[in-house]
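A.B. asks:
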Amino acid sequence: MNEITHSPVFGVLLSLIAYEIGIYINRKIKLSIFNPLLIAIVIVIVLLTKLDINYESFNAGGQFISFFLYPATVALALPMYKRFALFQENALPILTSVLCSNICGMTFVILGSKFLGISDVLIRSLIPKSITTPIGIAVSQQLEGIQSVTVAAIILTGIIGSILSPILYKFFKMDDKIAFGIAIGASSHAIGTAKAMELGEIEGAMSSLTMAVSGITTVFLAPVIWNVFVVFFH
1472 MNEITHSPVF
1482 GVLLSLIAYE
1492 IGIYINRKIK
1502 LSIFNPLLIA
1512 IVIVIVLLTK
1522 LDINYESFNA
1532 GGQFISFFLY
1542 PATVALALPM
1552 YKRFALFQEN
1562 ALPILTSVLC
1572 SNICGMTFVI
1582 LGSKFLGISD
1592 VLIRSLIPKS
1602 ITTPIGIAVS
1612 QQLEGIQSVT
1622 VAAIILTGII
1632 GSILSPILYK
1642 FFKMDDKIAF
1652 GIAIGASSHA
1662 IGTAKAMELG
1672 EIEGAMSSLT
1682 MAVSGITTVF
1692 LAPVIWNVFV
1702 VFFH
């Protein structure tokens, strides 16, 4: 048994099978709360706990999947290239929305966390919660945060966004597909973008564009906002 669980193949297969189960359940139940990624995470945690398999053994294979996060992020340039005309037409609302979302989101995280008495290292880990995972990890490292906390926050943010976005879409009776796509991309990164693509081509394209722009701007804004907070509030 140990030979199997310590093999890199084990982590890869477990991750893929758990995610496929998540997709199957999501298609059958068709409720946003049954997000495939969330289901896969629960399955992996339960199996590792019940079978008493340590994380290092699982991650021997899991890290191979994690590696593809980086080229996948670089691949975000492709939808930007394909939809560059759409980006040019909507450059001002995209950039304005991204800047407002990033500044307000990071400021709220810092002030809200401080109010709740959360330590500085955890606050720095939560700041990049609304961008895609590889960029979020890089920002967390830059801010000297805890990368595992950052990843958990990013996943949770994306799942909540994918669940709430269709509800908010109907509640506010939004008929502007471009605005809705921008809102999802700026707040819920790749997981939200996947939901946006289900809702329509325009929503998906705008969400994908906004997600890429949001990641880039956060790299520059996060250290500035944190340093401003340190100067004025410490």
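Residue numbers (my numbering): 1472 to 1705.
For glycine and all other residues, C-beta sits at the position ideal for the given N, C-alpha and C.
1) Might you give, ordered along the chain, the residues of its own chain that have their beta carbon closer than 7 Å to the beta carbon of residue 1603, omitting 5 neighbours on each side?
2) Going along the chain, which unbroken runs of the beta strand (DSSP E) with 3 or more residues stay wholly within the segment 1568 to 1634?
3) In the structure shown, what three-state DSSP assignment does residue 1641 receive?
4) Hey, residue 1673 and residue 1652: beta-carbon distance below 8 Å or not?
5) Where do the ends of the alpha helix (DSSP H) carrying residue 1561 lie?
6) Hey, could you find the ends of the alpha helix (DSSP H) residue 1530 is sitting in?
7) Among 1638, 1605 and 1620, which residue has its Cα nearest to the Cα of residue 1539?
8) State the DSSP-derived secondary structure class of residue 1679, mapped to helix, strand or coil.
9) Alpha carbon to alpha carbon, how far is residue 1643 from residue 1552?
10) Please list the terminal residues of the continuous alpha helix (DSSP H) segment that includes residue 1502.
11) Would you mind giving the Cβ-Cβ distance between residue 1531 and residue 1511, rounded to the nearest angstrom? I have them listed as a contact below 8 Å.
12) How close, in whole Å, do the beta carbons of residue 1608 and residue 1592 come, if the pair is a contact with beta carbons under 8 Å?
13) Can you look up residue 1431 in the DSSP assignment and give me helix, strand or coil?
14) Let's see if you can read the secondary structure: which residues bound the alpha helix (DSSP H) around residue 1652?
15) Going by the CB atoms, is the gap between residue 1514 and residue 1492 shorter than 8 Å?
16) Would you call the segment 1498 to 1508 in contact with the segment 1624 to 1633, where contact means no fewer than 3 C-beta pairs closer than 8 Å?
17) Less than 8 Å separating the beta-carbons of residue 1688 and residue 1614?
18) Quick one: using the 10 Å Cβ neighbour count with 16 as the cut-off for buried, is residue 1580 buried or exposed?
19) Could you tell me whether the Cβ atoms of residue 1601 and residue 1594 are closer together than 8 Å?
20) Reducing DSSP to helix, strand and coil, say where residue 1486 ends up.
21) So, are the CB atoms of residue 1599 and residue 1611 less than 8 Å apart?
22) With burial defined as no fewer than 16 other Cβ atoms inside 10 Å of the residue's Cβ, what is the status of residue 1703: buried or exposed?
23) Is the separation between the beta-carbon of residue 1696 and that of residue 1574 shorter than 8 Å?
24) Quick check: the Cα distance between residue 1675 and residue 1650, rounded to an integer number of angstroms?
C.D. replies: Here's the rundown:
1) 1544, 1660, 1661, 1682 and 1686
2) Listed in chain order, there is nothing to give.
3) DSSP places residue 1641 in helix when its eight states are reduced to three.
4) Closer than 8 Å, so yes.
5) No alpha helix (DSSP H) contains residue 1561, which DSSP labels as neither H nor E.
6) 1526 to 1538
7) The shortest C-alpha separation from residue 1539 is found at 1605.
8) helix
9) 31 Å
10) No alpha helix (DSSP H) contains residue 1502, which DSSP labels as neither H nor E.
11) Their Cβ separation, rounded to whole angstroms, is 18 Å, which puts residue 1531 and residue 1511 out of contact at 8 Å.
12) So it is not a contact: roughly 15 Å between Cβ atoms.
13) Residue 1431 is absent from the structure shown; the chain starts at 1472 and stops at 1705.
14) 1648 to 1670
15) The answer is yes: Cβ separation under 8 Å.
16) yes
17) no
18) The residue is buried, with at least 16 neighbouring Cβ atoms inside 10 Å.
19) no
20) helix
21) yes
22) exposed
23) yes
24) 11 Å
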